[in-house]
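In what follows, a single structure is set out as structure tokens and then discussed.
In UniProt numbering, the protein residues as written are 1 to 260.
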């Protein structure tokens, strides 16, 4: 059985489902770049809880956790099955690190999960379990959780962190930027810095990117969309490989990384 890597993907705007872009093309071809997994553990920036929470529902609903978009987005459904047994195992692995973990038997899949999954595995034929992030906890907490999940990779379980390498929504909605807007230096400098540290295997630097990288806090006014990167990095180990690099709206770096 092939050992699965751990992945980090940038999911972008929900409109990636309908708007052509290099990032959309990458996600649509992602399943062809890894062995077919038996299950996926998805760590989404939009599942932000006080503690580690794992979805254990048999048939997770599709959560449309956004507003102001066309009706066709709200009509989309991603009917992947859950995996309660795997959810319990994920919780046990997390608790083995001394971090409390809780099962949620009701929560479905938010758009940080189902948008990239629908593009990559459109048949929804791979069971999915979601594991939360927690903005209340430090980057190291997320990295430790990722390390706890590493044994799942030997069981053909794919760990995916879904967020955004840069995520300043104010720069899109308040300043107003087109889908193909020019990339400002404050965005590209951050993305380049992170890549260099991942290439070098410098986990400490990456975990502290928002504090240490050029324009870190400008690219991440809140931590939620970079935290899934740390869990993926913990699960796969670094250095990692950048699988994709592009921008949408000028300020969303849509980078994807493979670890392990």
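Even for Gly, the Cβ is constructed at its ideal location relative to N, Cα and C.
Sequence-distant residues of its chain with Cβ nearer than 6 Å to residue i (five each side left out)
{"i": "residue 6", "result": "159, 232, 235, 236, 259, 260"}
{"i": "residue 28", "result": "119"}
{"i": "residue 100", "result": "51"}
{"i": "residue 218", "result": "186"}
{"i": "residue 39", "result": "83, 86, 127, 157"}
{"i": "residue 94", "result": "52, 101, 145, 148"}
Residue i (DSSP reduced to helix, strand or coil)
{"i": "residue 143", "result": "helix"}
{"i": "residue 71", "result": "helix"}
{"i": "residue 128", "result": "strand"}
{"i": "residue 90", "result": "helix"}
{"i": "residue 10", "result": "strand"}
{"i": "residue 48", "result": "strand"}
{"i": "residue 187", "result": "helix"}
{"i": "residue 104", "result": "strand"}
{"i": "residue 2", "result": "coil"}
{"i": "residue 111", "result": "helix"}
{"i": "residue 233", "result": "helix"}
{"i": "residue 25", "result": "helix"}
{"i": "residue 133", "result": "strand"}
{"i": "residue 120", "result": "helix"}
{"i": "residue 163", "result": "strand"}
{"i": "residue 15", "result": "helix"}
{"i": "residue 172", "result": "helix"}
Cut-off 7 Å between Cβ atoms - residues of its own chain near residue i, not counting five sequence neighbours on either side
{"i": "residue 271", "result": "Any answer about residue 271 is impossible in this case: the structure gives the chain only from 1 up to 260."}
{"i": "residue 194", "result": "165, 206, 209, 213"}
{"i": "residue 37", "result": "4, 126, 156, 157, 158"}
{"i": "residue 65", "result": "46, 110, 111"}
{"i": "residue 239", "result": "198, 199, 200, 201"}
Euclidean distance between Cα positions of residue i and residue j
{"i": "residue 161", "j": "residue 223", "result": "14 Å"}
{"i": "residue 126", "j": "residue 42", "result": "12 Å"}
{"i": "residue 139", "j": "residue 248", "result": "25 Å"}
{"i": "residue 77", "j": "residue 122", "result": "10 Å"}
{"i": "residue 103", "j": "residue 87", "result": "7 Å"}
{"i": "residue 184", "j": "residue 13", "result": "19 Å"}
{"i": "residue 252", "j": "residue 105", "result": "33 Å"}
{"i": "residue 254", "j": "residue 216", "result": "16 Å"}
{"i": "residue 31", "j": "residue 84", "result": "23 Å"}
{"i": "residue 246", "j": "residue 211", "result": "23 Å"}
{"i": "residue 62", "j": "residue 124", "result": "12 Å"}
{"i": "residue 181", "j": "residue 172", "result": "10 Å"}
{"i": "residue 169", "j": "residue 26", "result": "22 Å"}
{"i": "residue 221", "j": "residue 80", "result": "33 Å"}
Buried/exposed call for residue i, threshold 16 Cβ in 10 Å
{"i": "residue 107", "result": "buried"}
{"i": "residue 22", "result": "exposed"}
{"i": "residue 20", "result": "exposed"}
{"i": "residue 24", "result": "buried"}
{"i": "residue 250", "result": "buried"}
{"i": "residue 97", "result": "exposed"}
{"i": "residue 8", "result": "buried"}
{"i": "residue 204", "result": "exposed"}
{"i": "residue 134", "result": "buried"}
{"i": "residue 230", "result": "buried"}
{"i": "residue 228", "result": "buried"}
{"i": "residue 136", "result": "exposed"}
{"i": "residue 92", "result": "exposed"}
Close Cβ partners of residue i (< 8 Å) along its chain, the five nearest in sequence each way excluded
{"i": "residue 82", "result": "55, 56, 57, 58, 59, 60, 127, 128, 129"}
{"i": "residue 90", "result": "41, 54, 101, 129, 131, 149, 152"}
Quiz item: Can you find at least 3 beta carbon pairs, one from the segment 59 to 72 and one from the segment 182 to 189, that sit closer than 8 Å?
Solution: The segment 59 to 72 is not in contact with the segment 182 to 189.
Quiz item: Using 8 Å as the threshold, is the segment 142 to 160 in touch with the segment 215 to 234, meaning 3 or more CB pairs across them?
Solution: Between the segment 142 to 160 and the segment 215 to 234, the count of C-beta pairs closer than 8 Å reaches three or more; the two stretches touch.
Practice problem: Take every Cβ of the segment 111 to 118, pair it with every Cβ of the segment 195 to 203, and state whether three or more of those distances are shorter than 8 Å. | Solution: Counting Cβ pairs under 8 Å, fewer than three are found: no touch.
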